[in-house]
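In what follows, a structure is listed as structure tokens, so that the remarks can point back to it.
Take a look at the structure:
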């Protein structure tokens, strides 16, 4: 029988995810007929193309024309009008630029022109915004899929999978994905859902497949449902879109499910399986030991569309262990998806994984997906890499362990380590104790210094607002980072989230959490709102985070680069900089060169004395005319005070600056000037056109045109060609 494994949207399309290749390798090693398909990257690649976006543009345009022809807009329709109107404004531009923008992300030269790369990202992001507006209020980005339906509620999820007006995946899946998936008539389809952003798209796909082929067995796997075993075991409605769920580790369970469908295995004996048996839902025995990680084969990426990923280099994920060897952090439930204890892969096996993948797929770039590589394992692996002179670049997550020293850092660097991610979380010793991190900030700083000296980029994870943390304690973390910005190269940070399997959730009173807000309708929730009796409130935490970000922008000149690049892209940039100049600080130099270039361009283009110059709108700037005041609607939405009463028609000209998310209203006179700033009419002719249309003296037209255009140049709205 044929088994097809699917990885659905929405996930970051920069590299393959490891779940399908690991399962595929295991099943093939056991003589199963299996195919894998990364639907996520296929979807993004198809959508972000001129042909792919065209149908979304047409749908958005029809919806916009319907609203634009009304005499009045309610508050709800105003929000939709803003989404559609702005998308229609830049729609033609995006359709014409999207294919070339996507090529920049895949080109080994253009990718490292940071201005071109960010311009390409902006175009692709606007493409996603255009597609989203056609299904308003749905919003798809590279990092999230949000609908008015909550992914925390099974009732909402089941409503979302059937809503053709707002679920942008239904039409695409039905037209393209389902026919391809059902080709060759697979008897088992496995769908991997590892993040809540995949929940609605993944179950939408399952629902459509089930309707098209009721006899095909659909199995759901992944860490999301592993965290929801109790909830799904009592939810008959969810089993209307799939047949079974595998929780925790899935290799043996999936193999036995295949055997069962071949009438070779008793379904009740399959570990980690939840399935429907008549009117009942059965939960089989959970495997408490997990897979023998050293008996698992090297992941297989055959059949994956490896040339589609949004990256100039193929970056492959690898796993050196299952579980976390520390496993004590009170805020974390990351290891919950794994069965059993921490299990590292033997160094020889791990080295052979890298060697085989490098040879088979012709790539030298790898990312370790572990919660944290132990110093012992990472050191032994580096010895093997150096001993065999394997030329690779890699990144990994690790812990601030005392075993990290200058010798180890240099060894890792020589073995190809370009980046290390560390969880600092806090620089306050009391808070670190509450988190049970088992680290000291002084030791953390030493390790960052060792890494910097060895040419390894360090990235820290920070958490603000851990229960009982005060403002002063949070500022201690801020100051620790800001005072050591030459050593600590980048960071990610956010507010504490109370997850359902963390120690804080299990023992709230120990952390002064006096109330956990639970709602029966939110039966798929993986996190909860809460109230504390001590420490910062959520509002105070948000204020601290904003304060920290503002301070970072002064201390880190390269913040616009590393804070806007996904992990894999930052990894490639650092690898590229190190290869070219053997310095990890080159991103700062790169951003400085951009500032200098822009300053020079602004100075050079600010002179309007030469009437022969040609003017045009800067890239990402659009002008248009609307029957409702689009600027007023957008500004009201930003201030979250859109009036409940209807908005009357008001013909308005606007300039929309997508680069800085600014919108301005302009007069008809100004719009006439801008209509001629098209790169084909020089300044002298623009002045003459305005003079004749408005019956002005030449001197008056000259003064008004130049004054208006000078102001737009100052705002980077127009440029001289």
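Residue numbers (our numbering): 1 to 721.
Idealized CB from N, CA, C, for every residue including glycine.
{"Check": "Nearest-angstrom Cα separation, counted from residue 633 out to residue 639", "Outcome": "Bear in mind that a pLDDT of 48 at residue 639, under 50, signals an unreliable position, so the number given afterwards is only what the model happens to contain. Straight-line Cα distance between these residues: approximately 10 Å."}
{"Check": "8 Å Cβ shell around residue 810 - same chain, five flanking residues per side excluded", "Outcome": "Since the first and last residues shown for the chain are 1 and 721, residue 810 lies out of range."}
{"Check": "Residue 359 classed as buried or exposed, judged by whether at least 16 other C-beta atoms fall within 10 angstroms", "Outcome": "exposed"}
{"Check": "Cβ contact check for the stretch 3 to 19 and the stretch 288 to 296: 3 or more pairs under 8 Å", "Outcome": "no"}
{"Check": "Selection from 104, 400, 665, 57 that minimises the alpha carbon distance to residue 326", "Outcome": "400"}
{"Check": "Short Cβ contact (7 Å threshold) for residue 723 with residue 189", "Outcome": "Within the shown structure, residues of the chain are numbered from 1 to 721, placing residue 723 beyond reach of any answer."}
{"Check": "Three-state secondary structure (DSSP) of residue 639", "Outcome": "In this prediction, residue 639 scores a pLDDT of 48, lower than 50, which makes its location untrustworthy; no coordinate-derived value is stated."}
{"Check": "Neighbour-count burial assignment, residue 789, 16 or more Cβ in a 10 Å radius", "Outcome": "As shown, the chain starts at 1 and ends at 721. That puts residue 789 outside it, with no answer to give."}
{"Check": "Any 3 or more C-beta pairs closer than 8 Å across the stretch 556 to 570 and the stretch 527 to 546", "Outcome": "no"}
{"Check": "Three-state class that DSSP yields for residue 283 in the structure shown", "Outcome": "strand"}
{"Check": "Start-to-end residues for the beta strand (DSSP E) that takes in residue 366", "Outcome": "365 to 368"}
{"Check": "Collapsed DSSP secondary structure at residue 306 in the structure displayed", "Outcome": "coil"}
{"Check": "Contact check, residue 529 vs residue 517, beta carbons under 7 Å", "Outcome": "yes"}
{"Check": "Residue 583 classed as buried or exposed, judged by whether at least 16 other C-beta atoms fall within 10 angstroms", "Outcome": "Residue placement at residue 583 is flagged as unreliable, the pLDDT there being 47, under the threshold of 50; a coordinate-derived value is accordingly withheld."}
{"Check": "Outcome for residue 40 when other beta-carbon atoms lying within 10 angstroms are tallied against a minimum of 16", "Outcome": "buried"}
{"Check": "Residue 238 and residue 246 closer than 7 Å at C-beta", "Outcome": "no"}
{"Check": "Strand pairing of residue 459, partner residues [DSSP]", "Outcome": "421, 490"}
{"Check": "Residue 688: first and last residue of the uninterrupted beta strand (DSSP E) it sits in", "Outcome": "First-last for residue 688: 683 to 693, but that is the alpha helix (DSSP H), not the beta strand (DSSP E)."}
{"Check": "Range of the contiguous alpha helix (DSSP H) that encloses residue 210", "Outcome": "199 to 212"}
{"Check": "Beta-bridge partners of residue 664, as assigned by DSSP", "Outcome": "655"}
{"Check": "Distance CB(residue 422)-CB(residue 460) smaller than 7 Å", "Outcome": "yes"}
{"Check": "Cα-Cα separation between residue 482 and residue 95, rounded to whole angstroms", "Outcome": "42 Å"}
{"Check": "Limits of the unbroken alpha helix (DSSP H) element including residue 479", "Outcome": "471 to 483"}
{"Check": "Proximity below 7 Å, CB of residue 59 to CB of residue 134", "Outcome": "yes"}
{"Check": "Alpha helix (DSSP H) segment containing residue 725, residue limits", "Outcome": "With the chain represented from 1 up to 721, any question about residue 725 goes unanswered, as that position is not in the structure."}
{"Check": "Residue 322 - partner residues in DSSP beta bridges", "Outcome": "343"}
{"Check": "C-alpha distance - residue 166 paired with residue 701, whole-angstrom precision", "Outcome": "49 Å"}
{"Check": "Whole alpha helix (DSSP H) elements within the stretch 5 to 58, 4-residue minimum", "Outcome": "19 to 29, 39 to 47"}
{"Check": "Rounded Cβ spacing between residue 616 and residue 721 (contact assumed at less than 8 Å)", "Outcome": "6 Å"}
{"Check": "Span of the alpha helix (DSSP H) around residue 501", "Outcome": "Here residue 501 belongs to no alpha helix (DSSP H), and DSSP marks it neither H nor E."}
{"Check": "Span separating the alpha-carbon of residue 491 from that of residue 333", "Outcome": "21 Å"}
{"Check": "8 Å CB neighbourhood of residue 651 in its chain, flanking five on each side removed", "Outcome": "625, 626, 627"}
{"Check": "Nonlocal neighbours in the same chain, by C-beta distance under 6 Å from residue 9, ignoring five residues either side", "Outcome": "40, 43, 201"}
{"Check": "One or two residues paired with residue 272 in a DSSP bridge", "Outcome": "Its beta-bridge partners do not exist; DSSP assigns none."}
{"Check": "Rounded separation between residue 235 and residue 152 - CA only", "Outcome": "14 Å"}
{"Check": "Delimiting residues of the alpha helix (DSSP H) encompassing residue 87", "Outcome": "75 to 106"}
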